[in-house]
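J.: Just so we're aligned, residue -7 is where the sequence shown starts under this note's numbering, counting upward by one.
Beta carbons are placed, not taken as given, at the ideal position from N, Cα and C, and that holds for glycine.
What follows is a single structure, and I will ask about it in a moment.
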Amino acid sequence: MKEYFLEIFRVNPKEINELYGIRAIGCYIVIAYHCFVNGLGFMPAYFRDYHSAFQNFEFLMDLFFVISSFLVSYAFSNELKKSNFLSAWKNFFFKRSLRIFPPLYLLISFSIIIMGLTLQAAKQGANLGVMTSGLGELEMKLSNWWVDVFYISNYFPVRMLIHGWSLSMEEQFYIAMPVFFLFYTTYIKRTKWKFLFLLGFLVLPIAVRTYYYFLIPMDSNEIYVQKIFHPIHTHFDSFIAGILLMEIFRLHKDSMLNVKFKKWFYLLFIPSTLLLIYSFTFKYESLKFYQTVFRISEFTLFSFLLVLGTVLGYFSYFKTMLTNILIVSVGKLSYGIYLVHLYVSGFVMIKVYSYTDIQSNDSISVLKSSIYTLGISTILALLSYYFVEKPFLKIREWSQPRFDVQTHTFYRIPINNSELRIVSWILTALSFVPFFIFKQFIKINFVEKSFLSSSILFLLITLPILFNLFTLITKRSLGFTWLFHAKFSVTSKQA
-7 MKEYFLEIFR VNPKEINELY GIRAIGCYIV IAYHCFVNGL GFMPAYFRDY HSAFQNFEFL
53 MDLFFVISSF LVSYAFSNEL KKSNFLSAWK NFFFKRSLRI FPPLYLLISF SIIIMGLTLQ
113 AAKQGANLGV MTSGLGELEM KLSNWWVDVF YISNYFPVRM LIHGWSLSME EQFYIAMPVF
173 FLFYTTYIKR TKWKFLFLLG FLVLPIAVRT YYYFLIPMDS NEIYVQKIFH PIHTHFDSFI
233 AGILLMEIFR LHKDSMLNVK FKKWFYLLFI PSTLLLIYSF TFKYESLKFY QTVFRISEFT
293 LFSFLLVLGT VLGYFSYFKT MLTNILIVSV GKLSYGIYLV HLYVSGFVMI KVYSYTDIQS
353 NDSISVLKSS IYTLGISTIL ALLSYYFVEK PFLKIREWSQ PRFDVQTHTF YRIPINNSEL
413 RIVSWILTAL SFVPFFIFKQ FIKINFVEKS FLSSSILFLL ITLPILFNLF TLITKRSLGF
473 TWLFHAKFSV TSKQA
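Below is the structure:
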């Protein structure tokens, strides 16, 4: 049983653990940036002068996209080795859905309830203090709940989840990537032409952004973010770079470990790093064309080289730090941390920042807020991992073989009966969560109270009860325990 809870605190030699380390460090910087930006209204005016420079920390999103694209496309290419396209796509989508949907949709439900309760309290005359001025915007965000649910929030500035745009971009990539794969693996057979095709495809978003620059007046950074940085059709460079990285790693890893290639790598990486650092001095208003057209390309190039150097072992002097068990564990939890950190930082900043003496708020306030936010978000993400994410990840492990990046072979996770029981108990408890969520939806008038909604509510409580009663009487076990034994027992023996 303890393996279920301790597994996340172990370094898996079959994975590229340095990437978890990069994710963990990047995750903290994103939190610190958001604590800074969201606190500007309560800090001395001179801190606003740093805003344009710190906006360049947005390169971290491209870094995350490159890592995600590399890992996901690598996983899909391996799926294609053992099955046809349709089976590979089905297995791929099944795995990704079990990974990302449960915590996100739980967060969306939580957000709807909190926003609905806030608006309901306002209508009943409650004094909401500084929140009163934002009630109109809050109501608009709640009315756009569907853009987060259907992963299209990167095209809607008014949305419930402020950071939902990046989640939408990744999901759109997950949907498009298999089709893209089918095209270029079917019609392009030679390795050289595959690389040339991917390199050429990296030029396309630059052309699209150039077109938009002359089509739409890019008068402010806000317009640039809405029209260029958030939509995937103008910002898919990093996803293509991740696929290119996958092809390099899959086909040419050994040939790139020689000293000659390493020198060429550093001849690119060092100038790219210096350019990224220098770009922190750029202001959008004075370099509109560069910022609109080439900023994302710059971020993509640096991110591509950083991840390439990491997976090839060129940064071995950082390996001890990046594979530290604490940092790796935070990296594994980075998805959950990213989901909740904006909510957590809001509460933390209320406690850390002074709202009566603005002059006392400084960089130390940002540092404290970011550290507290990371700590609390990590705890919440760990709880989410144990009781929301991991049960579904276990189903994925038991039903689908995993790929060892070191030996390039598939392997199965053996089924542990104690873990199976834990997963069954947790999923049994989770099966009642939709009832309580839907009940709150009716309470806050998000769902109109009617015969239909009452019937749905009745079914949501009745079905899990009847299912478990049936299996307890006929199979002498909880519903999910019986289901998993029936589904996975043969798989376990075969493994």
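(1) Once you ignore the five residues that flank MET341 on each side, which residues in its own chain have a CB closer than 7 Å to its CB?
(2) For TYR377, which three-state DSSP category applies?
(3) Sorted by chain position, which residues of the same chain lie with C-beta nearer than 7 Å to LEU96's C-beta, five sequence neighbours on each side aside?
(4) Do ILE453 and PHE427 count as a contact pair if the criterion is CB distance below 8 Å?
(5) Can you tell me the Cβ-Cβ gap for LEU374 and ARG91, rounded? I've got them flagged as a contact below 8 Å.
(6) Is there contact between the region 5 to 17 and the region 313 to 321, where contact requires at least three CB pairs shorter than 8 Å?
(7) THR401 to LEU372, Cα distance in whole Å?
(8) Out of THR420, ILE106 and SER447, state which residue places its alpha-carbon closest to the alpha-carbon of TRP474.
(9) Among PHE438, ILE235 and ARG388, which residue has its Cα nearest to the Cα of VAL58?
(10) Given a cut-off of 8 Å on the beta-carbon distance, is the pair GLN164 and ILE224 in contact?
(11) Going by DSSP, what residue range makes up the alpha helix (DSSP H) through TYR42?
(12) Helix, strand or coil for PHE424? Go by DSSP, reduced to three states.
(13) Which class does PHE84 belong to by DSSP, given the choice of helix, strand or coil?
(14) At what residues does the beta strand (DSSP E) containing TYR345 begin and finish?
(15) Roughly how many whole angstroms lie between the Cα atoms of ILE262 and PHE241?
(16) Is it right to say ILE418 is buried, meaning 16 or more other beta carbons lie within 10 angstroms of its own, or is it exposed?
(17) By Cβ distance below 7 Å, which residues in the same chain neighbour THR463 in space, the five residues on each side in sequence not counted?
(18) Based on DSSP bridge pairs, tell me the residues matched to ARG495.
(19) Could you tell me the distance, in whole angstroms, from the CA atom of THR315 to the CA atom of PHE206?
(20) Beta-carbon within less than 8 Å of VAL482's beta-carbon, same chain only, minus the 5 sequence neighbours each way: which residues are those?
(21) CB-CB under 7 Å to ALA487, same chain, minus the five flanking residues each way: which ones, in chain order?
(22) Going by DSSP in three states, PHE274 sits in which element: helix, strand or coil?
(23) Return the residue from the list GLY18, TYR166, SER65 and GLU50 that minimises the CA-CA distance to SER89.
(24) Check whether the Cβ atoms of ALA67 and PHE84 sit closer than 8 Å, and answer yes or no.
(25) Count the C-beta pairs between the region 38 to 54 and the region 287 to 307 that are closer than 8 Å, then say yes if the count reaches three, no if not.
(26) Note the first and the last residue of the continuous alpha helix (DSSP H) segment covering VAL141.
(27) Would SER103 pass as an interface residue toward chain C - the criterion being a Cβ-Cβ separation below 8 Å?
(28) Classify ILE220 as helix, strand or coil using the three-state DSSP reduction.
(29) For the putative contact between ILE434 and LEU449, defined by C-beta atoms under 8 Å, what is the C-beta separation to the nearest angstrom?
(30) Label ASN76 either buried or exposed according to how many other C-beta atoms from any shown protein chain fall within 10 Å of its C-beta, with 16 as the threshold for buried.
(31) Do ASP140 and GLY156 have their beta-carbon atoms positioned less than 8 Å apart in this structure?
(32) As a quick exercise: from GLY192, SER145 and PHE189, pick the residue whose alpha carbon is nearest that of GLN218.
(33) Can you find the residues in the same chain that come closer than 6 Å, C-beta to C-beta, to GLY117, ignoring five residues on each side of it along the sequence?
(34) Which residues mark the beginning and the end of the alpha helix (DSSP H) in which ASN4 is found?
(35) Is the beta carbon of LEU237 less than 8 Å from the beta carbon of PHE310?
(36) Counting C-beta neighbours from all protein chains within 10 Å, is the total for PHE476 16 or more, i.e. buried, or is it exposed?
T.: Per the coordinate set shown:
(1) Start at 1 with the first residue of the sequence shown, and residue 341 comes out as number 349. CYS27, ASN30, GLY31 and SER361.
(2) To locate residue 377, count along the sequence shown from 1; it is residue 385. Residue state, collapsed to three classes: helix.
(3) On the sequence shown, residue 96 is found 104 positions in, with the first residue counted as 1. Counting only Cβ-Cβ distances below 7 Å, and skipping sequence neighbours, we find LEU159 and LEU331.
(4) Here residue 427 refers to the residue found at position 435 when the sequence shown is read from its first residue. Here residue 453 refers to the residue found at position 461 when the sequence shown is read from its first residue. Yes, Cβ-Cβ distance for PHE427 and ILE453 is below 8 Å.
(5) Position 382 of the sequence shown, counted from the first residue, corresponds to residue 374. Position 99 of the sequence shown, counted from the first residue, corresponds to residue 91. About 16 Å; that fails the 8 Å criterion.
(6) Yes, they touch.
(7) Residue mapping note: residue 401 aligns to position 409 of the sequence shown, counting from 1. Residue mapping note: residue 372 aligns to position 380 of the sequence shown, counting from 1. Their Cα atoms are separated by approximately 34 Å.
(8) By 1-based counting over the sequence shown, the position of residue 474 is 482. Looking at the Cα atoms, THR420 is the closest of the given residues.
(9) The sequence position of residue 58 within the sequence shown is 66, counting from 1. Relative to VAL58, the option among PHE438, ILE235 and ARG388 whose CA is nearest is ILE235.
(10) Locating residue 164 in the sequence shown gives position 172, counting from the first residue. Locating residue 224 in the sequence shown gives position 232, counting from the first residue. The beta carbons of GLN164 and ILE224 sit closer together than 8 Å.
(11) Counted from its first residue, the sequence shown places residue 42 at position 50. That residue, TYR42, is in no alpha helix (DSSP H); it is neither H nor E in DSSP.
(12) Position 432 of the sequence shown holds residue 424. Three-state DSSP puts PHE424 in coil, outside helix and strand.
(13) Locating residue 84 in the sequence shown gives position 92, counting from the first residue. DSSP, reduced to helix, strand and coil, places PHE84 within a helical segment of the structure shown.
(14) Residue numbering aside, residue 345 sits at position 353 when the sequence shown is read from its first letter. Neither: TYR345 is in no beta strand (DSSP E) and is coded neither H nor E.
(15) By one-based count along the sequence shown, residue 262 stands at place 270. By one-based count along the sequence shown, residue 241 stands at place 249. Taking the straight line from one Cα to the other gives about 21 Å.
(16) The residue labelled residue 418 in the question sits at position 426 within the sequence shown. With 16 or more other Cβ atoms within 10 Å, it is buried.
(17) Start at 1 with the first residue of the sequence shown, and residue 463 comes out as number 471. Taken in chain order, the residues that qualify are SER469, LEU470, GLY471 and TRP474.
(18) It is not possible to answer for residue 495, since the shown part of the chain is limited to -7 through 487.
(19) Stepping through the sequence shown from its first residue, residue 315 is reached at position 323. Stepping through the sequence shown from its first residue, residue 206 is reached at position 214. Cα-Cα distance, rounded: 46 Å.
(20) Working through the sequence shown from its first residue, we reach residue 482 at position 490. Because VAL482 carries a pLDDT of 41, less than 50, the predicted location of this residue cannot be relied on, and the following value inherits that uncertainty. Apart from the 5 residues on each side of it in sequence, VAL482 has no Cβ closer than 8 Å to any other Cβ in its chain.
(21) Working through the sequence shown from its first residue, we reach residue 487 at position 495. At ALA487, the pLDDT of 36 sits below 50, so the modelled position is not reliable; the number obtained from the coordinates is stated separately. Close CB contacts of ALA487 within its chain, under the 7 Å cut and outside five residues either way in sequence, are with ARG404 and PRO406 (chain order).
(22) Here residue 274 refers to the residue found at position 282 when the sequence shown is read from its first residue. Reduced to three states, the DSSP call for PHE274 is coil.
(23) As a first step, residue 89 is located in the sequence shown; it is residue number 97 there, counting from the start. Relative to SER89, the option among GLY18, TYR166, SER65 and GLU50 whose CA is nearest is TYR166.
(24) Position 75 of the sequence shown, counted from the first residue, corresponds to residue 67. Position 92 of the sequence shown, counted from the first residue, corresponds to residue 84. Taking the C-beta atoms as reference points, PHE84 is found nearer than 8 Å to ALA67.
(25) Contact between the region 38 to 54 and the region 287 to 307 is present, with at least three C-beta pairs closer than 8 Å.
(26) For the purposes of this step, residue 141 is identified with residue 149 of the sequence shown, where counting begins at 1. Looking at the DSSP string, the run of the alpha helix (DSSP H) that includes VAL141 is 137 to 141.
(27) No chain C is present in this structure, which holds just one protein chain.
(28) Here residue 220 refers to the residue found at position 228 when the sequence shown is read from its first residue. Reduced to three states, the DSSP call for ILE220 is helix.
(29) Translated into the one-based positions of the sequence shown, residue 434 becomes position 442. Translated into the one-based positions of the sequence shown, residue 449 becomes position 457. Yes, ILE434 and LEU449 are in contact; Cβ-Cβ is about 7 Å, under 8 Å.
(30) Along the sequence shown, read from residue 1 onward, the residue named residue 76 stands at position 84. The residue is exposed, with fewer than 16 neighbouring Cβ atoms inside 10 Å.
(31) Counting from one through the sequence shown, the residue named residue 156 turns up at place 164. Counting from one through the sequence shown, the residue named residue 140 turns up at place 148. It is a contact, given that the beta carbons lie within the stated cut-off.
(32) Position 226 of the sequence shown holds residue 218. In terms of Cα proximity to GLN218, the closest of GLY192, SER145 and PHE189 is SER145.
(33) As a first step, residue 117 must be located in the sequence shown, where it is residue number 125. Contacts found: none.
(34) Your numbering for residue 4 matches position 12 in the sequence shown. Counting along the chain, ASN4 falls outside any alpha helix (DSSP H), and DSSP gives it neither H nor E.
(35) The residue given as residue 237 occupies position 245 in the sequence shown. The residue given as residue 310 occupies position 318 in the sequence shown. No, the Cβ-Cβ distance between LEU237 and PHE310 is not below 8 Å.
(36) Counting from 1 along the sequence shown, the entry for residue 476 is found at position 484. With 16 or more other CB atoms across the displayed protein chains lying within 10 angstroms of its CB, PHE476 is buried.
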